[in-house]
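Listed in order, the protein sequences are those of chains G and C. Per my numbering, the first sequence starts with residue 1, numbered consecutively. Per my numbering, the second sequence starts with residue 291, numbered consecutively. Worksheet: the structure to be examined is printed underneath.
There are 2 protein chains.
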Amino acid sequence: MSAPSLPRSSIAVIVNGLPGAMGMQVSKACLARGLVLAPAALTGPGMPVSVNVDSHTVALVDATAPGAIDTMRACVAELKAKGLTPIAIDFTHPSAVNKNADMYNALGLPFVMGTTGGDREQLLKSTREAGTPAVIAPNMCKQIVAFQAMMKHMAETYPGAFEGYTLRVEESHQKTKADTSGTAKAVVESLGALVKKPMPERDIKKLRTDADSASFGVPREHLDGHAYHTYRLTSGDGSVTFEFKHNVNGRSTYAEGVADAVIFLADRVAAGKERRVYDMIDVLRSGAML
Amino acid sequence: MSAPSLPRSSIAVIVNGLPGAMGMQVSKACLARGLVLAPAALTGPGMPVSVNVDSHTVALVDATAPGAIDTMRACVAELKAKGLTPIAIDFTHPSAVNKNADMYNALGLPFVMGTTGGDREQLLKSTREAGTPAVIAPNMCKQIVAFQAMMKHMAETYPGAFEGYTLRVEESHQKTKADTSGTAKAVVESLGALVKKPMPERDIKKLRTDADSASFGVPREHLDGHAYHTYRLTSGDGSVTFEFKHNVNGRSTYAEGVADAVIFLADRVAAGKERRVYDMIDVLRSGAML
């Protein structure tokens, strides 16, 4: 971490998306880093009124109910009155991304947006206009973000370096994930430039059954939560093979990345930095590592 | 290739190191690209007087015999008299690297040095002082060179991005290779910066028996000529694994890289470029691809 950093015990995280699995993991990761867990959080309709995380109880506020913003405003004010710097973390639902961001912007509440989907352009635009400090990142795993950036750099620096090579891409995720991996799509764009032959998204082999995922090497206990990617480049004559893999079991690496992003953002808030909207590359560059 | 390039049929390669396996492969790769194979080449003591490559006969000149330089001077003059641009290719022996380079420099003969070992600093110094155009590269596989450059870039841009990860490196080569892979050493240096913990060379696992190499996935027919590398990064909690592999069977990719380097160098000679000593990164950047 950079030198003038905020004490971790003065940062309070409002973990919107509790009691979801990602919200739970993120809350625990933040507590393990010494951050404070705010006593209230936004959730969706039909959820329980509160949830326990370790020894902490968090009241759950239905984001779609009237007055939700007033409850959150009171929560933020209370945290600030205690001398804490509140940061919202969002792991909710694609349909809530823009509405939640509007609320953070209205409250001037810095946030880490880990939820994917929604209108991303509008999200960036409204956050920039509001001037709310935020980390907006569709993938919170810093190492995968670094890998993606590295492949992009190679493609830009040595386009065609792998001309004549054939490309094969497989990715496995829990069977509830319908769409193609966003990371795979981004990496395939770089690989297409390296082999001088763009690969259409339909050629990315998606594994979405327990049987296929297990054959791909996913441990049984992670069939319902994993992200495995294998990119293979083979030379025209078959004599050379390159293979790049990144395999993630469970959610802990994303939760750790969120905690990094929160600490990064709190420091930027404390330092009164002018630039407001960040991504995980900024977090990586800051050296705000675990 | 860049626009104003020399016709391939006007480039003559003097393949020093024939009748060695690498010399043979390189000769064939150059012929396949339409280059001319010079009728003489340097070799070591105790070799036959000539060798056939496809339908071509190449006279072999013992580089350690008196008068070797005069024979080569005559060969170069003869090629030039035919309107050809002569380029020497060196796949000889570590002990011959500096002596051969001295000869190329004395003759003003552009060269591609593929032989490893020798006094590399002296090699660069004497070649720069002589002003001889040369490509000096310990690894002629452009894709591996690009991969190495990419890892170096990631380590320099995001040092510590993989802090807390453990590193495991295995490489397999034919059993006659005594030392540790130079590529593995270079990549391990970058990976050490990424995990913030340098890995000593002795921790690179070297596989050098047919049985170990076969278990590592090397096909039987390539046990006597292969270069397999696997780098694995595992997060502290074991939930995330990154794996990078580059596996080469036989020598064709290096031979193709040499042919690329020759064409690149001949173009630079023809264009009268000021900068004289190049490496494979320069060849890559030029886009002089297969």
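Every residue gets a Cβ at the ideal spot worked out from N, C-alpha and C, and that includes glycine. Model, not experiment: these values are computed from the prediction.
| Check | Outcome |
| --- | --- |
| Going along the segment 518–534 of chain C in order, which residues come within less than 7 Å of chain G, judged by CB to CB distance? | Ser-525, Asp-527, Ser-529, Val-530, Thr-531, Phe-532, Glu-533 and Phe-534 |
| Restricting to runs no shorter than 4 residues, where is the alpha helix (DSSP H) found entirely within the segment 208–264 of chain G? | 210–215 |
| Let me see if you follow: with CB-CB separation under 8 Å, is Asn-249 of chain G close to chain C or not? | yes |
| Counting beta carbon pairs with one atom in the segment 73–93 of chain G and one in the segment 27–40 of chain G, are three or more of them shorter than 8 Å? | yes |
| Which residues does DSSP pair with Asp-62 of chain G in a beta bridge? | G:Thr-43 |
| Tell me the rounded alpha-carbon separation between Arg-8 of chain G and Val-573 of chain C. | 50 Å |
| With a threshold of 6 Å on Cβ separation, who are the neighbours of Ala-445 of chain C within its own chain once the five nearest residues in sequence on each side are excluded? | Ser-480, Ala-483 and Leu-484 |
| Residues of chain C with a CB under 9 Å from the CB of Ala-172 of chain G: which are they? | Checking the sequence, you will find Ser at residue 172 of chain G rather than Ala. Near Ser-172 of chain G there are no residues of chain C at all, since even the closest Cβ is about 13 Å away, more than 9 Å. |
| By alpha-carbon positions, which one of C:Glu-533, C:Arg-498 and C:Pro-384 ends up nearest to Gly-307 of chain C? | C:Pro-384 |
| The alpha helix (DSSP H) with Thr-71 of chain G in it runs from where to where? | 68–81 |
| Buried or exposed: which applies to Val-13 of chain G, given that a residue is buried once 16 or more other Cβ atoms fall within 10 Å of its Cβ? | buried |
| Just mark Thr-499 of chain C as buried or exposed, buried being the case when its beta carbon has 16 or more other beta carbons within 10 Å. | exposed |
| Whose Cβ in chain C lies nearer than 9 Å to the Cβ of Met-150 of chain G? | Met-440, Met-441, His-443, Met-444, Thr-447 and Tyr-448 |
| Cβ of Tyr-455 of chain C within 8 Å of Cβ of Gly-528 of chain C? | no |
| Could you confirm whether any beta carbon from chain C is found closer than 8 Å to the beta carbon of Gln-25 of chain G? | no |
| What are the boundary residues of the alpha helix (DSSP H) that His-383 of chain C is part of? | Careful: His-383 of chain C lies outside any alpha helix (DSSP H) and carries neither H nor E. |
| Counting only beta-carbon separations shorter than 8 Å, does Thr-115 of chain G have a partner in chain C? | no |
| Using the rule of at least 16 other Cβ atoms within 10 Å of the residue's Cβ for burial, across every protein chain shown, is Asn-139 of chain G buried or exposed? | buried |
| Kindly say whether Ala-146 of chain G, judged by its beta-carbon, lies nearer than 8 Å to any beta-carbon of chain C. | yes |
| According to DSSP, what are the bridge partners of Ser-462 of chain C? | C:Leu-497 and C:Tyr-518 |
| In chain G, which residues lie with their C-beta within 7 Å of the C-beta of Phe-452 of chain C? | Gln-143 |
| Given this structure, state the Cα-to-Cα distance separating Val-277 of chain G from Phe-264 of chain G, to the nearest angstrom. | 12 Å |
| Are the C-beta of Val-303 of chain C and some C-beta of chain G separated by less than 8 Å? | no |
| Using a threshold of 8 Å, state whether the C-beta atoms of Thr-253 of chain G and Val-366 of chain C are closer than that. | no |
| Would you kindly check if the distance between the Cβ of Thr-473 of chain C and the Cβ of Tyr-433 of chain C is under 8 Å? | Looking at the sequence provided, one finds Gln at residue 433 of chain C rather than Tyr. Contact: no. |
| Compare the C-beta of Leu-207 of chain G against all C-beta atoms of chain C and say whether one is closer than 8 Å. | no |
| Can you look up Ser-292 of chain C in the DSSP assignment and give me helix, strand or coil? | Confidence at Ser-292 of chain C is low in this model, with a pLDDT of 45, below 50, so its placement is unreliable and the value that follows should be read with caution. Three-state DSSP puts Ser-292 of chain C in coil, outside helix and strand. |
| Does the beta-carbon of Ala-501 of chain C have 16 or more other beta-carbons within 10 angstroms, so that it is buried, or is it exposed? | exposed |
| Just to confirm my understanding: we take Ser-5 of chain G, look at its own chain, exclude 5 residues before and 5 after, and list those with CB closer than 7 Å. What are they? | Asp-267 |
| Can you tell me whether Met-570 of chain C is buried or exposed, with buried defined as 16 or more other CB within 10 angstroms of its CB? | buried |
| Should Glu-201 of chain G be labelled buried (16 or more other beta-carbon atoms within 10 Å of its own) or exposed? | exposed |
| Considering only residues of the same chain and omitting the five flanking positions on each side of Gln-412 of chain C, which have a CB-CB separation below 8 Å? | Asn-388 |
| Out of C:Ala-451, C:Ala-319 and C:Val-351, which one is the CA nearest neighbour of Val-343 of chain C? | C:Ala-319 |
| Taking the beta strand (DSSP E) that Met-199 of chain G belongs to, which residues open and close that run? | Met-199 of chain G -> no beta strand (DSSP E), and no H or E assigned at all. |
| For chain G, is any of its Cβ atoms less than 8 Å away from the one on Leu-296 of chain C? | no |
| Following the continuous beta strand (DSSP E) through Met-113 of chain G, name the residue where it begins and the one where it ends. | 111–113 |
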